[in-house]
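*Asks:*
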């Protein structure tokens, strides 16, 4: 995803042995892109007066969801029709908190997953969402909720088959 620091890491005072400090580092996604395994793996190097420390961490996937991911229904349907069947991944997930469809849509929108449409078909609530990554790749989803049962079924549809492997 080309994640790079937007500015140098700033620690305002010396950091002594056995001491910790909290800081935040703003980042951009316009750096060089490298294929990682897993795809959201981030390799980090921190240089100080003792040497260079290397480590790796997994960046949560929703950190790459763009704020401009809301699609209109017409564009959503057009993209939906163009996505081949092999670019679909489906999961069953438990709704352990018993969230309503409205609660789910609100939570998803807080993480840049946008509701495009909702339908109720024979006691089953169908929610359609769009996700846009910072690299301009879209992922579409369909979430099925039965009114009487706990498990939800979520299907993801990918415009590029290579991105589906981060969901498996």
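Residue numbers (our numbering): 67 to 234.
Just so you know, even glycine gets a beta-carbon here, dropped at the ideal spot from N, CA and C.
Here the structure is a predicted model, which is why all the values come from computation and not from measurement.
1) So what does DSSP say about residue 198, is it helix, strand or coil?
2) Short of 7 Å in beta carbon distance, which residues of its chain neighbour residue 225, apart from the five on each side in sequence? Order them along the chain.
3) Assuming contact is defined by CB atoms lying nearer than 9 Å, are residue 220 and residue 119 in contact in what I supplied?
4) Along the chain, which unbroken stretches of the alpha helix (DSSP H) at least 4 residues long are found entirely within the region 113 to 149?
5) Note the first and the last residue of the continuous beta strand (DSSP E) segment covering residue 203.
6) According to DSSP, is residue 234 helix, strand or coil?
7) Going by DSSP, what residue range makes up the alpha helix (DSSP H) through residue 172?
8) Could you name the residues that DSSP lists as bridge partners for residue 182?
9) List the endpoints of the continuous beta strand (DSSP E) containing residue 158.
*Replies:* Put simply:
1) Correct three-state label for residue 198: strand.
2) For residue 225, where only same-chain residues beyond five positions count, the Cβ hits under 7 Å are 145, 149, 203, 204.
3) Taking the C-beta atoms as reference points, residue 119 is found no nearer than 9 Å to residue 220.
4) Taking only runs of at least 4 residues, the alpha helix (DSSP H) segments lying wholly in the region 113 to 149 are 139 to 148.
5) Per DSSP, residue 203 lies in no beta strand (DSSP E) and is assigned neither H nor E.
6) At residue 234 the pLDDT is 49, less than 50, meaning the model places this residue with poor confidence; the figure from the coordinates comes in the next sentence. In the structure shown, residue 234 sits in coil (DSSP, three-state: anything other than H, G, I, E or B).
7) 167 to 176 is the extent of the alpha helix (DSSP H) around residue 172.
8) According to DSSP, residue 182 bridges with nothing at all.
9) Boundaries of the beta strand (DSSP E) harbouring residue 158: 154 to 160, taken from the DSSP string.
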